[in-house]
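Written out below as structure tokens is the structure these notes cover.
Set out below in structure tokens:
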């Protein structure tokens, strides 16, 4: 994928709408800017596409909270939210955009299908320091074995996930090398809404520590 141009609109609700114009179509982003920062996060959802977010709107909430920590964020909307290879390219485009803004330490966060996406993108991009998956699928996630030692991984899953069972994250954890961490939330389903406050704290603390 080649980024030919970018279009940035006026700020709204704490973020700048950014369109990455590429040779494979436009990648829509929401950029929570922190001037002169070297640290950034990319957030992606699952096969639902659009701006979906788990854990009771975790993504926009943490994007705003992390600004106070000096950490920028980019939410990326998949062009094709069911095609793994295309979604990986979208995340890599988001990484390139953050790098163009001066960021050189990046965390990738992905829910469900997006978990496999960020694992693969994290294995490719040298500026990625950590990956966080939320109720991830295991298909397409074997690259977790290639993340260390440059890139850590945090896997979060609910024990009563009726879409992707917790064994998906347990399997990926077994593939990954240190540094790695697995959190299983008892009684939580696929969207992790039941434990949104705990997920909020765990993800936020992990990002701040790893970046």
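Residue numbers (this note's numbering): 2 to 212. No residue lacks a Cβ here, since even glycine has one placed at the ideal position from N, Cα and C.
- Item | Pair within 8 Å by beta-carbon distance, residue 25 and residue 52 | Residue 52 sits away from residue 25, with the two beta carbons spaced by 8 Å or more.
- For my contact list, residue 205 and residue 66 are in at a C-beta cut-off of 8 Å; report their separation, rounded to the angstrom. About 6 Å separates the beta carbons of residue 205 and residue 66, which is inside the 8 Å limit, making them a contact pair.
- Task: Answer yes or no: do residue 176 and residue 145 have a C-beta to C-beta separation smaller than 8 Å?
- Result: Contact flag set, yes.
- Identify, in the order they occur along the chain, each residue of the same chain with its Cβ nearer than 6 Å to the Cβ of residue 185, setting aside the five sequence neighbours on each side. For residue 185, where only same-chain residues beyond five positions count, the Cβ hits under 6 Å are 158, 160, 167.
- Determine the burial state of residue 187: buried for a count of at least 16 other Cβ atoms within 10 Å of its Cβ, exposed for fewer. exposed
- Query: With distances taken between CB atoms, is the gap from residue 99 to residue 137 smaller than 8 Å?
  - Reply: No.
- Query: When the Cβ atoms of the region 88-105 are set against those of the region 56-63, are three or more pairs found closer than 8 Å?
  - Reply: Fewer than three pairs of CB atoms, one per stretch, sit closer than 8 Å, so the region 88-105 makes no contact with the region 56-63.
- Below 6 Å CB to CB, which residues in the same chain sit around residue 81 once its five sequence neighbours on both sides are set aside? 87
- Within the present structure, is the beta-carbon of residue 12 separated from the nearest heavy atom of the ligand COA by less than 7 Å? Among the ligands in the structure shown, none appear at all, so the ligand COA cannot be discussed.
- Which of helix, strand or coil DSSP assigns to residue 80: coil
- Beta bridge counterpart(s) of residue 64 as assigned by DSSP: The partner list for residue 64 (beta bridge, DSSP) is empty, contrary to what the question assumes.
- Since residue 208 and residue 42 are thought to touch, with beta carbons under 8 Å apart, how far apart are those beta carbons, to the nearest angstrom? Contact flag correct, Cβ pair sits at about 6 Å.
- Query: Helix or strand or just coil, what does DSSP make of residue 48?
  - Reply: coil
- Message: Rounded to whole angstroms, what is the Cα-Cα separation between residue 116 and residue 11?
- Response: So the alpha carbons of these two residues sit roughly 30 Å apart.
- Item | Cα-Cα separation, residue 104 to residue 40 | 5 Å
- Message: DSSP has residue 22 in a bridge; who is on the other side?
- Response: Bridge pairing for residue 22: 6, 27 [DSSP].
- Tell me whether the beta-carbon of residue 130 lies closer than 8 Å to the beta-carbon of residue 212. yes
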